[in-house]
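Take the sequence shown: its letters are residues 873 to 1143, numbered as in the numbering used here. No residue lacks a Cβ here, since even glycine has one placed at the ideal position from N, Cα and C. Just below is one structure, and these are the notes that go with it.
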Amino acid sequence: GVGCAAAKTVQSLGDELVFLGWDDVYVFNGIDYESIGSPIQNELFGTMDPGAIDKCFGVIIEEQKEYWLFTPSINSDYCDQAWVFNYELSKWTKHDFATVDGSANGISYYGYYEKQSTLTIGDLQGTIGEQVWRFGDRETLEAAPTTLFGDTDGYVYEYDQLVSNDDGGTIDAWFSTKDFMLTQLMERQIILRLDIYFGGGGDLKVAYSTDFGVTWENERTLSGQDTYAIDRVYWRIDCDLVRFRFRNNNAGEHFIFREARIYWQPSGMRF
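Below is the structure:
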């Protein structure tokens, strides 16, 4: 069987329970268990302090269909990173809380509350077109549910889905793709173009790697746009494999990624 490594990581997803095991993250349906943590398994356990695993805890944020697994990194006494599982999309992301207020601390607990007032135009950060919500959305209204986090210095923070900064600090938001070997044969490939559909108002920085993400090359910056118009990046990358990174690390900005299409042609033989 599979045991639970930290009791406070157990949370309900409705028909299933999610929890941190000793070697993976699992869901349990009352009869059997299933792994959901394989995409992050190596990094999760490779960066976690095993001596502080009892401090791990889980949080459900229903508005976003997410389970947040807080874990302490190596040499940290408290949880300074969160692995976020979207249980509607079955996708993982990661948040870093190590310097949320400018000092090396962590998150020690959480709670639920409700917003005390309705958002007004005067409260906006950025232009109307740059917002990630629509007027009338529940998150903008008085009494809407919200999540609070407490850190090791005694400060309480609200997780505000309408804000693109981290307590005034810039969020380095990025994701990378898998490695693409498009020929599937003993043949190299030439990447010619990437068609990208994104919005959200923030700039998008696009780079590629041909060495499994060790180094990133030829970063291009695409200007922010509110609509999902097509943006093209032209390259000529002769490679065995390639992965792409999409990033925004500008203060007060965010991006919403829709899709990217790769245009390529076969090259010479691999040796």
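Thinking residue i and residue j are a contact (beta carbons under 8 Å), I'd like their distance in whole angstroms, please.
i: residue 967; j: residue 1036; result: Not really, about 14 Å apart at Cβ, beyond 8 Å.
i: residue 1100; j: residue 1073; result: Incorrect: roughly 12 Å between the Cβ atoms, too far for contact.
i: residue 965; j: residue 930; result: Contact flag wrong, Cβ pair sits at about 15 Å.
i: residue 883; j: residue 932; result: 5 Å
Leaving out five residues on either side along the sequence, give the residues of the same chain with a beta carbon under 7 Å from the beta carbon of residue i.
i: residue 927; result: 944, 950, 951
i: residue 875; result: 893, 894
i: residue 1040; result: none
i: residue 906; result: 898, 899
i: residue 888; result: 899, 900, 901
i: residue 1061; result: 1054, 1055, 1111, 1136, 1138, 1139
i: residue 1129; result: 1070, 1118
i: residue 981; result: 1022
For residue i, list the residues DSSP reports as bridge partners.
i: residue 1137; result: 1062
i: residue 920; result: 945
i: residue 954; result: 942, 967
i: residue 1131; result: 1069
i: residue 840; result: With the chain running from 873 to 1143 in the structure shown, residue 840 is simply not present.
i: residue 1109; result: 1063
i: residue 1048; result: 1117
i: residue 876; result: 893
i: residue 1038; result: 1041
Using the Cβ count rule (16 or more neighbours within 10 Å means buried), how would you classify residue i?
i: residue 1068; result: buried
i: residue 879; result: exposed
i: residue 1023; result: buried
i: residue 920; result: buried
i: residue 1137; result: exposed
i: residue 1063; result: buried
i: residue 1057; result: exposed
i: residue 1104; result: exposed
i: residue 954; result: buried
i: residue 986; result: exposed
i: residue 957; result: buried
i: residue 1152; result: This structure cannot speak to residue 1152, because the chain is shown only from 873 to 1143.
i: residue 960; result: exposed
i: residue 1102; result: exposed
i: residue 948; result: buried
Spatial neighbours of residue i within its chain, please: C-beta separation below 8 Å, excluding the five flanking residues on both sides.
i: residue 1050; result: 1115
i: residue 1089; result: 1079, 1080, 1081, 1082
i: residue 984; result: 1017, 1018, 1019, 1020
i: residue 1122; result: 1042, 1074, 1075
i: residue 912; result: 897, 955, 964, 966
i: residue 1045; result: 1119, 1120, 1121, 1126, 1127
i: residue 924; result: 944, 948, 949, 950
Residues in the same chain with beta-carbon distance under 6 Å from residue i, minus the five sequence neighbours each way, listed in chain order, please.
i: residue 1028; result: 1020, 1022
i: residue 909; result: 896, 897
Practice task
Evaluate contact between the region 1089 to 1098 and the region 1133 to 1142, counting only Cβ atoms and requiring at least three cross-stretch pairs below 8 Å.
Solution key: Two segments are said to touch when three or more pairs of C-beta atoms, one from each, lie closer than 8 Å; by this definition the region 1089 to 1098 does not touch the region 1133 to 1142.
Problem - Three CB pairs or more closer than 8 Å across the region 890 to 897 and the region 908 to 923 - result: In this structure the region 890 to 897 lies against the region 908 to 923, because at least three pairs of beta carbons, one per stretch, are closer than 8 Å.
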